[in-house]
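Just below is one structure, and these are the notes that go with it.
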Amino acid sequence: MKKVEWYHDFIDRKYKPKKTDLKALFYFEPSAGVSKDDAIGRIASESSTGTWTTLYELPKRMKEIMAIAYKVEDNFVHIAYPLGLWEKGNIPQLLSGIAGNIFGMKAIKNLRLVDVSLPEEYIRSFKGPNLGIEGLRKYFKVYDRPLLGAVPKPKVGFDAEEHAKIGFETWMGGFDCVKDDENLTSTNFNNFYKRVQLMSKMRDRAEKITGEVKDAFINITSETEEMKKRAKALHNYGFKYAMIDVVTTGTASVQTMRNVLGDYGMAIHAHRAMHSAFDRYEKHGITMQFLAKIMKLAGVDQIHSGTAVGKLVGDKEEVVSIANVLREKNVKPYKKIILEQDWGHIKPAFPVTSGGLHPGLVPDVMDIYGKEMVMLVSGGIHGHPNGTRAGAIATRQALEATKKKISLEEYARTHKELKQALEKWGRLKPK
Ligand code: CAP
Ligand code: MG
Numbered sequence: 003m004k005k006v007e008w009y010h011d012f013i014d015r016k017y018k019p020k021k022t023d024l025k026a027l028f029y030f031e032p033s034a035g036v037s038k039d040d041a042i043g044r045i046a047s048e049s050s051t052g053t054w055t056t057l058y059e060l061p062k063r064m065k066e067i068m069a070i071a072y073k074v075e076d077n078f079v080h081i082a083y084p085l086g087l088w089e090k091g092n093i094p095q096l097l098s099g100i101a102g103n104i105f106g107m108k109a110i111k112n113l114r115l116v117d118v119s120l121p122e123e124y125i126r127s128f129k130g131p132n133l134g135i136e137g138l139r140k141y142f143k144v145y146d147r148p149l150l151g152a153v154p155k156p157k158v159g160f161d162a163e164e165h166a167k168i169g170f171e172t173w174m175g176g177f178d179c180v181k182d183d184e185n186l187t188s189t190n191f192n193n194f195y196k197r198v199q200l201m202s203k204m205r206d207r208a209e210k211i212t213g214e215v216k217d218a219f220i221n222i223t224s225e226t227e228e229m230k231k232r233a234k235a236l237h238n239y240g241f242k243y244a245m246i247d248v249v250t251t252g253t254a255s256v257q258t259m260r261n262v263l264g265d266y267g268m269a270i271h272a273h274r275a276m277h278s279a280f281d282r283y284e285k286h287g288i289t290m291q292f293l294a295k296i297m298k299l300a301g302v303d304q305i306h307s308g309t310a311v312g313k314l315v316g317d318k319e320e321v322v323s324i325a326n327v328l329r330e331k332n333v334k335p336y337k338k339i340i341l342e343q344d345w346g347h348i349k350p351a352f353p354v355t356s357g358g359l360h361p362g363l364v365p366d367v368m369d370i371y372g373k374e375m376v377m378l379v380s381g382g383i384h385g386h387p388n389g390t391r392a393g394a395i396a397t398r399q400a401l402e403a404t405k406k407k408i409s410l411e412e413y414a415r416t417h418k419e420l421k422q423a424l425e426k427w428g429r430l431k432p433k
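Numbering (the numbering used here), first residue to last: 3 to 433.
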């Protein structure tokens, strides 16, 4: 019988990956009646050079660039992708390969792209973060604690004037940054350009009074040409960051904006809204640690990474893995969660912890992350019984207590803003 399928040609358990191969780890579950080899052959074939049936002719070079499934451990498969399959500097193409059609193959019931170890020759074609952790700490002149920020809440509803006033209160309470919410871009009552102008005035005022560097993550998310205009406005008004919702705008626009913002000497705050559409369920989709990896490659300086104790999903093991991928120069492999990664010239980036945090959770988050992070406490300051500025002060007090290894309750005896925060929220872990 003429051979109809050739998926098994993409399996070789004797294959030893080359230094220049991209090495991917997938979790997979074959559909009923499908063997593991039928499944892994399909994953390797459909994500590289194959198709469903044997072909009349094959170019010789195909052999050099086809993916090879070389190791299977339970429901995990390691697949090597020769460098020649990929266009250097092109993240969308990488995703179209290793995170494309394979998610829809009938023969595979569940599939999850866990991580990809990228070779130096591939990494070299990307810029990575413009400032990174070191550059941002130098900019703020803050070294002994996490960078602190807050989003005006309610998420959307303030006009530009009110927004800037909340920003001023946040800065005066001791926070470094004021962040736009992920779904605030430009509305008829809070026009982007008006907000930039008013926020710059309030920032200058707060800097003058406090003597500290103050900045903002103002959301430029929109069509790419418009994002370029908004980036220019932020630069003209002296802001160091632009915020981008990197999943909804896509990796191509992140790469474009890395170039534009890089020319301005600016940094990117990456909000990850929509990530839970594909990273939440452990049997199918793409992990947040891989999303964080490609966004760092594309050039974001910081990206949300979860809290483990707040209102959104992501347990401690996942949160720490994402933080490692972002901060470590040489990432060590960890269980079937992350692969080794030498980041080469790419600068370390900040994990951003946010979502349901308040002063009572500061010790938990510091215990998980240490100080090398950006901590966003939004509802957790604007909901303080004495308002935004007191909420920010309470958060600073909780940080001081944690650093001095004094319990919050003890510290609250002599710090009223913290006391009031604990009276309202205690150590609540919001859902
Ligand atoms: C947090 C937040 C952030 C989430 C995003 C919100 O506000 O502004 O968008 O942290 O989730 O809109 O919920 P609160 P993640 O501090 O008031 O909860 O950080 O997991 O990407
Ligand atoms: Mg938000």
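Even glycine gets a Cβ: it sits at the ideal position worked out from N, Cα and C. These numbers come from a predicted model, not from an experiment.
Item	Value
Inter-stretch contact (C-beta, 8 Å, three-pair minimum) for the region 360-378 and the region 304-323	yes
Close-in-space but distant-in-sequence residues of the same chain around Arg246 (CB under 8 Å, 5 per side omitted)	Here the sequence assigns Ile to residue 246, which means Arg is not the residue at that position. If we look at Ile246 and ignore the five residues flanking it on each side, its Cβ neighbours are Asn221, Ile222, Thr223, Met229, Ser255, Val256, Met259, Ile270, His271, Ala272, His273 and Val302.
Phe115 in three-state terms, based on DSSP	Strictly speaking, residue 115 in this sequence is Leu, with Phe absent from that position. Leu115 falls in the strand class under three-state DSSP.
Val248 CB to nearest heavy atom of the ligand MG below 7 Å	no
Selected residue, minimal CA-CA separation from Leu299, among Ser202, Gly358, Asn185 and Ser127	Ser127
beta-carbon Ser356 near the ligand CAP non-hydrogen atom, thresh 7 Å	yes
Cβ-heavy atom distance, Val153 to the ligand MG, below 7 Å	yes
Closer than 7 Å: Lys157 CB and nearest the ligand MG heavy atom	yes
Interface flag, Val116 vs chain D, CB-CB below 8 Å	No chain D appears in this structure, which consists of one protein chain only.
Cβ contact check for the region 381-389 and the region 115-132: 3 or more pairs under 8 Å	no
Euclidean distance between Cα positions of Asn112 and Ala325	26 Å
Straight-line Cα distance separating Gly151 from Pro353	13 Å
Neighbourhood of the ligand MG [Cβ distance below 5 Å to any heavy atom], ordered by chain position	Asp183 and Glu184
Phe170 - containing alpha helix (DSSP H), residue span	Ala162 to Met174
Proximity test, Ser323 beta-carbon vs the ligand CAP heavy atom, cut-off 7 Å	no
Length of the line joining the Cα atoms of Asp281 and Thr289	5 Å
Sufficient close CB pairs (3 or more, under 8 Å) joining the region 116-126 to the region 343-351	yes
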